[in-house]
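Novice:
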Amino acid sequence: MCRDLNAGAPFAEPVELVYAALILEFLDVTAFLEYAASLLREDGRIAFVFQEHHAQQGAVTDSGVTSLQVLKDAHAIVDVALVMNSLMARGMTLEERRSMATTAGKSFTLLIVKKMRQS
Numbered sequence: 042m043c044r045d046l047n048a049g050a051p052f053a054e055p056v057e058l059v060y061a062a063l064i065l066e067f068l069d070v071t072a073f074l075e076y077a078a079s080l081l082r083e084d085g086r087i088a089f090v091f092q093e094h095h096a097q098q099g100a101v102t103d104s105g106v107t108s109l110q111v112l113k114d115a116h117a118i119v120d121v122a123l124v125m126n127s128l129m130a131r132g133m134t135l136e137e138r139r140s141m142a143t144t145a146g147k148s149f150t151l152l153i154v155k156k157m158r159q160s
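According to our numbering, the stretch in the sequence shown is residues 42 to 160, in order.
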């Protein structure tokens with residue numbers, strides 16, 4: 042299911058997976074995390090991909106992709122520690138954390154977190 046979060050919460054059963062790749066850089070992170078966690082069933086997962094901060098490159102480099110340049114001012118590097126603390130406070134646990142680098146010099150982090158069963 043794809044959903045415009047500005048349209049309000051969907052009326053749906055809890056989901057098994059929320060996937061958010063390279064989107065949190067443009068959202069209110071705290072609000073999104075609260076919303077995403079609320080969508081999950083017990084044992085559900087959220088998989089995130091974040092761009093890591095790079096001291097020599099800006100968050101949005103000149104890639105020739107016009108839409109990225111238009112969004113440049115709205116882009117912010119995500120604080121992974123803030124994300125983890127927020128999710129852990131909502132009963133989530135880290136299943137996987139992996140960093141990846143591209144040949145262009147950008148680095149990304151993959152986080153997979155799991156909603157724990159209620160006791």
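Each residue gets a CB set at the ideal place from its N, CA and C atoms; glycine is no exception.
Please read these numbers as outputs of a predicted model, since none were measured by experiment.
Provide the residue span of the alpha helix (DSSP H) that contains residue 88, from first to last.
Specialist: For residue 88, no alpha helix (DSSP H) encloses it; the enclosing beta strand (DSSP E) starts and ends at 81–92.
Novice: What separation, rounded to the nearest whole angstrom, lies between the Cα atoms of residue 82 and residue 57?
Specialist: 6 Å
Novice: For residue 72 and residue 147, what's the separation of their Cα atoms in angstroms?
Specialist: The straight-line gap separating the alpha-carbon atoms of residue 72 and residue 147 is approximately 26 Å.
Novice: So for residue 71, helix, strand or coil by DSSP?
Specialist: helix
Novice: Using 7 Å as the threshold, is the C-beta distance between residue 48 and residue 59 below it?
Specialist: no
Novice: Tell me which residues share the same chain as residue 154 and place their Cβ nearer than 6 Å to its Cβ, disregarding the 5 neighbours each side in the sequence.
Specialist: 87, 128, 133 and 135
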